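Just below is one structure, and these are the notes that go with it.
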Amino acid sequence: MASIGETAFNVRSKNAGPFWVTVDIFCGDEAAFATITEQLSSEDVARLFQQPVETIKRFEIPNLHVVKFSLPRPVVQGDRFDRDMHGAQWAVLLAEHDLDASGGYTLGGDAPGKLTRVP
Amino acid sequence: MQQQNRDNTTTRILVPTGALGISFAEQAFARGVGAKPDIICVDGGSTDSGPYYLGAGTSKYSRAVTKAEWRQLMIARAEGDVPLVIGTCGTCGADASVDWMLSITREIAEELGQTVKVATLYSSQPVERVQDALRNGRIAPLTPAPDISEDSLGECTNIVALAGAEQINAALDTGADIVLAGRATDTAIVSALALRRGDHAGAAWHGAKIAECGALCSTEPTSGVILLDIDQEGFTVEPMAKDARCTPHSVSAHMLYENADPFILYEPGGYLDVTEARYHALDDRRVRVTGSHWAPSDQYTVKLEGARIGGYQTTIMAVLRDERYVADAREWIEKLHRFVTNEIEKRMALTPSGYDLEFRLIGVDSALGALETKPSNPAEIGVLGVITAPDAETASEIGKLINPYVLHYPLTQDEELPTFAFPYSPAQSERGALYEFCLNHVMILDDPMDAFRLEVIEVGHG
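Order-wise, the sequence lines are chains C and B.
Everything in the first sequence is counted per the working numbering, starting at 599 for the first residue and increasing by one.
Everything in the second sequence is counted per the working numbering, starting at -6 for the first residue and increasing by one.
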């Protein structure tokens, strides 16, 4: 079983303003993009961040081979309980997550190259 | 370089770096100046480093570095005789930071023998203005927004509104050589001139978003310098460092960066939609983008940022190296926490509701906390105690009270007192005020200048 970090070219995260964090998975090629979009569900991401799945915004960008997740920061930036001011270390939660072929999210019927927004 | 293909309707913008204070490649900057830009734009701030800078109204970067880089830009401005604009002066863009930047500008002008007309655009908001707006239903929350009230607004040490292109253009319209803008959107300072000249609005905002972080949109992110041409149909972006390249991938991928939504960007007066944008390589280093769309809004709103003091902090650190304590570090901090909570209540008559005390295990999960999934087997563990109390004296007192226990607390009753490693004396550090962001809202304005103030002065040798 391979992790997302082993499958993708790069996984990074960063604040998107003080109240949001965004994670970009640069899959690197079409095959990795297909694997990750199929085997990484928004529920997985919600579980890793211990946040309700309804708060996770998911973007699949086929022409960049990118899967992106944005969510309200589990702790607002700079709060007394914030442990990572820039939110950049959260990426490892996804990078170290093992992909699971049995479960997960499947691409809808959208035409290739079309933007898919999955709230 | 792009110079050859340029016509009169194109607006050429030079962005020397993603932020003043993080340096840029001098040769690349010289090439950019040689391309004869119509304007030089640089960002001076961000919320990225946390609420302290807005709360305290101070700059993250040193004055010396800021001055050295600003000096280079002021020399280039004088040589090219084009406007020079900085947005979000001094990290936070509060009025005091604009004045800080003005004092630096004044010094440099005098040292260089320049006479410079400077427009200062102030973005700080009097609390009463925001309270009035709240009372009149002219404040709207973004998602997620902290609860606010007139009282909570009154606790803010600084509130700023983010200026858009309209306010930047008002400053440029004064004929100023240099615009020192307070808090502004990163994109507004770059898009403003092109919008004023009637270039394609979608291209102006999209190009600005791509260029505002400097060379981050290229294959050499640290080289800094980017040249942006905005025209009637689209924009072209080119890095100025010789070995840097912009590719359709590097440019389009930049829309992901620090953006919750990679296709939609809200700005004062509307939003940018790049869903239909097309990225085309003109050659191996320039990218042409068309199809960006600007959707004007019915209401003109500006985003607000505010920070207040959430408490005062004291920290204390010990390092565990003893094998048994490293293995049982979690149990140790749990026992220690229970013990000192009791001591604080007994000796200071202070219950846990009156302060926060947290022990973080550095080497185990100090970055991710409860989200950590990876087991670790470190040789040593740093124990960082973080105390937050309503006033600095209480935080400091708690630090002093727990100090001997952080140093000596035993896992069991029947052992010789252990002594852990304190890395310094005193073991505790007084961190001062802990600021917190307390606004994620927009304010409705009838006129874009209603919440901003513009002044024009001449500095240097007359």
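Cβ atoms here follow ideal geometry from the backbone N, Cα and C, with glycine treated the same way.
These figures come from a predicted structure and were not determined experimentally.
* Asked: If you drop the 5 nearest sequence neighbours on each side, which residues of the same chain put their C-beta closer than 7 Å to that of Tyr272 of chain B?
  -> For Tyr272 of chain B, same chain residues with a beta-carbon under 7 Å away, outside a window of 5 residues either side, are Pro241, Val244, Ser245, Val280 and Val282 in chain order.
* Inside the region 343 to 397 of chain B only - beta strand (DSSP E) runs reaching at least 3 residues -> Correct list: 349 to 355 and 374 to 382.
* DSSP three-state assignment for Met341 of chain B, whether helix, strand or coil -> helix
* Roughly how many angstroms separate the alpha carbons of Gly676 of chain C and Met683 of chain C, rounded to a whole number? -> Cα to Cα, Gly676 of chain C sits roughly 6 Å from Met683 of chain C.
* Ala28 of chain B to Val75 of chain B span [Cα, whole Å] -> 12 Å
* **Bridge partner(s) assigned by DSSP for Asn720 of chain C** => The structure shown does not extend to residue 720 of chain C, since chain C is modelled only from 599 to 717, so the question has no answer here.
* To do: Could you tell me whether the region 301 to 314 of chain B touches the region 205 to 220 of chain B, where touching means 3 or more Cβ pairs closer than 8 Å?
  => Between the region 301 to 314 of chain B and the region 205 to 220 of chain B there are fewer than three inter-stretch CB-CB distances shorter than 8 Å, so the stretches are not counted as touching.
* **Ser611 of chain C classed as buried or exposed, judged by whether at least 16 other C-beta atoms fall within 10 angstroms** => buried
* Assign Asp708 of chain C to one of two classes, buried (16 or more other C-beta atoms within 10 Å of its C-beta) or exposed (fewer than that). => Caution applies to Asp708 of chain C, whose pLDDT of 38 falls short of 50 and renders its modelled position unreliable; the value that the coordinates give is listed next. The residue is exposed, with fewer than 16 neighbouring Cβ atoms inside 10 Å.
* Which residues of chain B have a Cβ atom closer than 8 Å to the Cβ of Arg681 of chain C, listed in chain order? -> Arg353, Ser359, Ala360, Leu361 and Gly362
* C-alpha distance - Ser145 of chain B paired with Ile634 of chain C, whole-angstrom precision -> 44 Å
* chain C contact for His434 of chain B (CB, 8 Å cutoff) -> no
* State the start and end residues of the unbroken beta strand (DSSP E) segment that holds Leu105 of chain B. => DSSP places Leu105 of chain B outside any beta strand (DSSP E); the residue lies instead in the alpha helix (DSSP H), whose first and last residues are Asp88 to Leu105.
* Asked: Three or more beta-carbon pairs under 8 Å between the region 334 to 353 of chain B and the region 372 to 383 of chain B, yes or no?
  -> yes
* Nearest candidate by alpha-carbon position, reference Gly263 of chain B, set B:Leu221, B:His199, B:Ile6 and B:Ala320 -> B:His199
* Would you say Gly701 of chain C reaches chain B, if we count a Cβ-Cβ gap shorter than 8 Å as a contact? -> For Gly701 of chain C, the predicted model reports a pLDDT of 47, less than 50, meaning its position is unreliable and no value from the coordinates is stated.
* Please name the residue, chosen from B:Ala208, B:Tyr45, B:Arg64 and B:Leu105, that lies closest to Pro9 of chain B on a Cα-to-Cα basis. => Closest option to Pro9 of chain B, judged by alpha-carbon separation, among B:Ala208, B:Tyr45, B:Arg64 and B:Leu105: B:Ala208.
* Relative to chain C, which residues along the region 28 to 54 of chain B have a C-beta separation below 8 Å, given in chain order? -> Thr40, Asp41, Ser42, Gly43, Pro44 and Tyr45
* Asked: With a cut-off of 8 Å, does the C-beta of Asp349 of chain B fall near any C-beta of chain C?
  -> yes
* Asked: At a Cβ threshold of 8 Å, is Leu249 of chain B touching chain C?
  -> yes
* Nearest neighbour of Leu697 of chain C, chosen from C:Ser640, C:Thr620 and C:Phe617 [CA to CA] -> Shortest Cα-Cα distance from Leu697 of chain C to any of C:Ser640, C:Thr620 and C:Phe617 involves C:Ser640.
* Coil, strand or helix - Trp666 of chain C by DSSP -> Just to set this straight, residue 666 of chain C is Lys in the shown sequence, not Trp. If DSSP states are grouped into helix, strand and coil, Lys666 of chain C belongs with the strands.
* Which runs of the alpha helix (DSSP H) fall wholly inside the region 208 to 269 of chain B and span at least 4 residues, in chain order? -> 241 to 246
* **Sheet register partners of Asn151 of chain B (DSSP bridge)** => B:Ala300
* Asked: Is the beta carbon of Val183 of chain B sitting closer than 8 Å to the one on Ile6 of chain B?
  -> yes
* To do: Give every residue of the same chain whose Cβ lies closer than 6 Å to the Cβ of Phe256 of chain B, excluding the five residues on either side of it in the sequence, and list them in chain order.
  => Val267 and Thr268
* Asked: Going by the CB atoms, is the gap between Gly375 of chain B and Ile391 of chain B shorter than 8 Å?
  -> no
* Asked: What is the rounded straight-line gap between the Cα of His286 of chain B and the Cα of Asn252 of chain B?
  -> 17 Å
* Asked: Just checking, does the region 73 to 93 of chain B make contact with the region 399 to 417 of chain B on the three C-beta pairs under 8 Å criterion?
  -> With fewer than three CB-CB distances shorter than 8 Å, the region 73 to 93 of chain B does not count as touching the region 399 to 417 of chain B.
* At a CB-CB cut-off below 8 Å, which residues of chain B make contact with Ile623 of chain C? -> Under the 8 Å cutoff, chain B gives no residues; its nearest Cβ is about 10 Å from Ile623 of chain C.
* Asked: For the candidate residues C:Leu662, C:Val690 and C:Gln649, whose alpha-carbon lies nearest to that of Leu249 of chain B?
  -> Per the Cα distances, C:Leu662.
* Asked: For a contact meaning CB atoms closer than 7 Å, what does Ala253 of chain B contact in chain C?
  -> Ala614, Trp618, Thr620, Lys655 and Ser668
* Asked: Can you name the residues of chain B whose CB is closer than 8 Å to the CB of Gln675 of chain C?
  -> Ordered by position in chain B, the residues that pass the 8 Å Cβ test against Gln675 of chain C are Thr40, Gly43, Pro44 and Phe430.
* Asked: Does the region 92 to 106 of chain B touch the region 125 to 135 of chain B, meaning 3 or more C-beta pairs lie closer than 8 Å?
  -> no
* **Option in B:Tyr398, B:Val319 and B:Ala385 with minimal Cα separation from Pro371 of chain B** => Ranking the options by Cα distance to Pro371 of chain B, first place goes to B:Val319.
* Asked: Are the C-beta atoms of Pro214 of chain B and some chain C residue less than 8 Å apart?
  -> no
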